[in-house]
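The next block holds one structure in the form of structure tokens; read it before the comments.
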Amino acid sequence: MRTKSLLTAALSFAALSALAQPPQAPPQPVTPPPADSVPVASNIRGAQYPRVLPDLNVLFQVRAPDAQKVEFNLGGGNRLTATKDANGYWTAKSTAPLVPGFHYYWLVIDGVQVNDPGSETFYGTGKQTSGIEVPEKGVDYYLPKDVPHGEVRERVYFSKTTQEWRRIFVYTPSDYDTNRDARYPVLYLQHGGGEDERGWPIQGKVANIMDNLIAGKKSKPMLIVMEQGYARKPGEPQVPLRPPAAGTPATPPSFSRMFSALDEVFTKDLIPLIDSTYRTLAIRENRAMAGLSMGGMQTFQIGLAHPELFASLGGFSGGGGGFGGPVDLKTAHNGAMADPEAFNKKMKLVWLGIGTAEPANMYASVKGYHDALEKGGIKHGYYESPGTSHEWLTWRRCLHEFAPLLFQDQAPVRRPGGFGGPIKLSPDDIQAFPDPPAEVNANRDVPHGKLELIEYDSKTVGVKRKVNVYTPPGYDKNKKYPVLYLLHGIGGDETEWLRFASPHLLMDNLLAEGKAQPMIIVLPNGRAQKDDRPGPNAMATAPAFAVFERDLLDDLIPAIEKRYSVKSERESRAVAGLSMGGGQSLNFGLGHLDTFAWVGGFSSAPNTKPPAQLIPDADAAKAKLKLLYLSCGNKDGLIGISQGVHGFLKEKGVPHLWNVDSHAHDPTHWRNNLYYFLQRVFQEK
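Numbering (this note's numbering), first residue to last: 5 to 689.
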């Protein structure tokens with residue numbers, strides 16, 4: 005037994021010793037690399053090949069001892085045949101210096117295309133492939149520097165157009181998270197054929213380019229949204245990204261169909277998502293689109309079809325002429341440029357860029373489009389990248405030239421007071437309540453009410469409309485409950501309060517602490533029109549917010565009182581809202597004191613009526629109002645509206661609460677003031 009134990013121990017020790025030894029390194033190449041060559045930046049960590057020489061020739065190498073033939077394919081017919089040494093290393097050198105910048109390449113080993121194990125992989129040419137970054141002497145605009153850095157954020161969203169989840173990348177400037185008062189213009193930036201939404205963040209180095217431009221005060225801070233350029237509706241065939249295999253009949257890709265679906269993705273899904281999620285300046289003058297190659301074609305097709313959305317367009321190695329023949333501006337783009345004078349007044353910037361060494365058909369197409377625009381009297385910018393082909397250095401240079409031209413003649417991105425106008429505080433503008441803890445709307449272990457999305461018939465609008473309704477924990481149809489109608493802002497809908505403040509959880513927590521009365525909260529869509537989505541230009545829907553007065557009084561309130569067990573007297577009905585909804589609440593609540601006794605306006609927007617129209621009879625307001633609650637942040641450029649209402653109420657002796665906290669026109673202010681409003685509404689004095 006002792007002998008067996010010793011043998012086992014010896015074997016175990018030997019096994020552990022073997023594990024502790026480093027793996028056997030493969031034999032080294034017979035010929036060491038030239039002393040004046042260096043590994044390129046696109047190699048995986050520690051990889052010694054590819055290597056670049058001072059004259060920008062590149063050495064490639066891979067170990068494949070059993071291979072019979074190895075080639076390095078740089079695309080465009082540039083294939084380098086490698087030679088093998090005694091240790092199985094295959095080496096090749098470029099036949100001419102490579103143009104600086106980024107290039108795709110791949111290996112061909114015994115006829116099979118594979119990626120170079122020494123290189124990082126990049127999505128290009130319709131697949132993951134190897135890439136090489138050839139340094140550009142004396143140029144650093146696309147390299148990281150010691151400047152404030154923004155972020156590239158990855159986001160997924162569900163597209164109703166394609167009925168699929170889609171991924172986008174969004175560049176935000178360095179101060180996006182710290183300067184909460186700032187709103188930003190947006191550039192939608194598209195990749196080329198065979199690439200995807202990763203192209204600009206990775207191969208294009210968009211963040212470095214923009215960080216350096218913004219830090220040098222050469223470009224306005226902006227958001228950059230990078231979408232995939234492929235879209236198809238359910239049931240449509242997939243558009244091929246690469247040529248078919250040998251022997252397979254080639255079917256030309258239906259770009260018109262694909263671009264049509266992408267048009268709907270942009271206009272119905274993407275732009276509304278960006279404007280409702282990020283702090284954007286959501287008007288056409290502050291929205292641009294640009295793209296490279298296929299993305300440039302998409303830019304002009306979508307942008308010129310929607311002049312109500314975009315005021316600036318850019319095409320890098322691609323544009324409105326596609327890759328076809330001469331362009332007739334009288335008929336091109338459905339006549340968008342037929343009247344040059346009108347077009348020039350409407351568009352802020354049209355811009356084209358191309359590399360001087362591009363394939364002849366591509367160069368001729370973009371140059372021809374430029375010539376047609378010039379001849380037709382269409383104002384535009386034009387740039388030629390010297391010595392570059394259909395490659396990322398051309399497109400990096402184009403972005404570097406194009407971005408500084410964007411949004412330059414618009415209202416400043418940061419205005420006094422941020423969103424709105426100048427801020428002038430008075431002695432009355434003080435904080436009435438402390439900021440509550442951030443977790444007031446956390447999902448706690450307390451009894452929860454029910455949140456449901458229902459529909460009601462709107463005779464005012466002529467359609468069924470959606471509304472979210474919260475009923476408190478233990479809702480009992482044999483009891484009667486007061487009702488709060490809670491209204492959203494200009495860019496929101498019936499879900500906005502749920503995203504900003506989770507009022508259902510806020511109410512659950514207040515009820516659990518005994519700080520509020522059980523109530524029903526109704527979250528309607530205050531945009532009373534048949535298509536009640538915010539759309540890409542939410543300001544265009546402003547008239548529908550006034551129409552909501554009749555929809556609320558004539559359709560929604562009766563529907564709620566028919567479906568739920570509610571108290572129907574005015575003393576048990578409240579209305580409150582944020583921004584545009586705050587203005588609605590003051591207009592509708594104070595204009596119908598026979599319907600509402602409790603009114604709240606948080607950061608009320610310019611739709612608020614003048615104070616004398618809001619309260620034509622101060623004595624009636626004093627007699628009928630149970631609570632009038634006004635609030636705004638001292639960093640909110642819209643504070644002047646609420647200040648005016650407060651001043652009038654004070655002059656007329658109408659009791660009200662006035663809370664000016666330290667926030668801006670933002671969700672924190674709205675959540676905090678809803679927290680205090682809910683504790684006071686339906687409470688008897």
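For each residue, glycine too, the CB sits at the ideal point set by N, CA and C.
Please read these numbers as outputs of a predicted model, since none were measured by experiment.
For Thr-281, the number of other beta carbons within 10 angstroms of its own is below 16, and it is reported as exposed.
Sequence-distant Cβ neighbours of Asn-591 in its own chain, meaning closer than 6 Å and more than five residues away, are Lys-613.
Boundaries of the beta strand (DSSP E) around Arg-83: 83-85. Per the Cβ contact rule, the stretch 88-96 is in contact with the stretch 34-47 (3 or more Cβ pairs under 8 Å).
Between Leu-678 and Ala-580, the C-beta spacing is below 9 Å. Separation of Gly-318 and Asp-343 (C-alpha to C-alpha, rounded to the nearest whole angstrom) is 20 Å. Linking Ala-39 to Thr-99 through their CA atoms gives a straight-line distance of about 20 Å. Setting aside the 5 residues that flank it on each side, Phe-263 is surrounded in the same chain by Met-301, Gln-302, Gln-305 and Ile-306, each with a C-beta closer than 8 Å to its C-beta; the list follows chain order.
Secondary structure of Leu-285 (DSSP, three-state): coil. If you look at Phe-173, you'll find it in the beta strand (DSSP E) that goes 168-176.
Contact between Gly-493 and Leu-582 holds: their C-beta atoms lie close to 5 Å from each other, under 8 Å. Per DSSP, the continuous alpha helix (DSSP H) segment holding Ala-346 begins and ends at 344-350. One alpha carbon belongs to Ala-407, the other to Ala-627, and they sit about 58 Å apart. Looking at the DSSP output, Gly-105 sits in a beta bridge with Val-138. The C-alpha of Ala-368 lies about 42 Å from the C-alpha of Lys-88.
In the structure shown, Met-230 falls within a strand segment according to DSSP collapsed to helix, strand and coil. For Pro-610, the closest of Ala-601, Gly-593 and Met-584 by C-alpha to C-alpha distance is Met-584. Under the three-state reduction of DSSP, Asn-61 is assigned to coil, being neither helix nor strand. A straight line joining the alpha-carbon of Leu-557 with that of Gly-466 spans about 15 Å. CA-CA distance, Asp-449 to Ala-516, rounds to 10 Å. By the criterion of at least three beta-carbon pairs nearer than 8 Å, the stretch 378-395 is not in contact with the stretch 263-280. For the set Gly-322, Asp-535, Tyr-460 and Lys-149, the Cα lying nearest the Cα of Ile-561 is the one of Tyr-460. In the structure shown, Ser-462 falls within a strand segment according to DSSP collapsed to helix, strand and coil. Within the same chain, and ignoring the five residues on either side of Arg-574 in sequence, the residues whose Cβ sits closer than 7 Å to its Cβ are Asp-598, Thr-599, Phe-600 and Ala-601.
Contact between the stretch 71-80 and the stretch 113-129 is present: three or more C-beta pairs spanning the two stretches fall below 8 Å. For Gln-117, the uninterrupted beta strand (DSSP E) segment begins and ends at 116-118. When only Cα atoms are considered, Asn-513 and Val-444 end up about 7 Å apart.
For the set Asn-91, Ala-90 and Thr-133, the Cα lying nearest the Cα of Asn-47 is the one of Thr-133.
His-660 places its beta carbon 9 Å or farther from that of Leu-618. Membership of Ser-369 in any beta strand (DSSP E) is not indicated; the residue belongs instead to the alpha helix (DSSP H) covering 364-379. Rounded to whole angstroms, Ala-68 and Val-56 show a C-alpha spacing of 21 Å.
Gln-132 carries a strand assignment under DSSP once its states are collapsed to helix, strand and coil.
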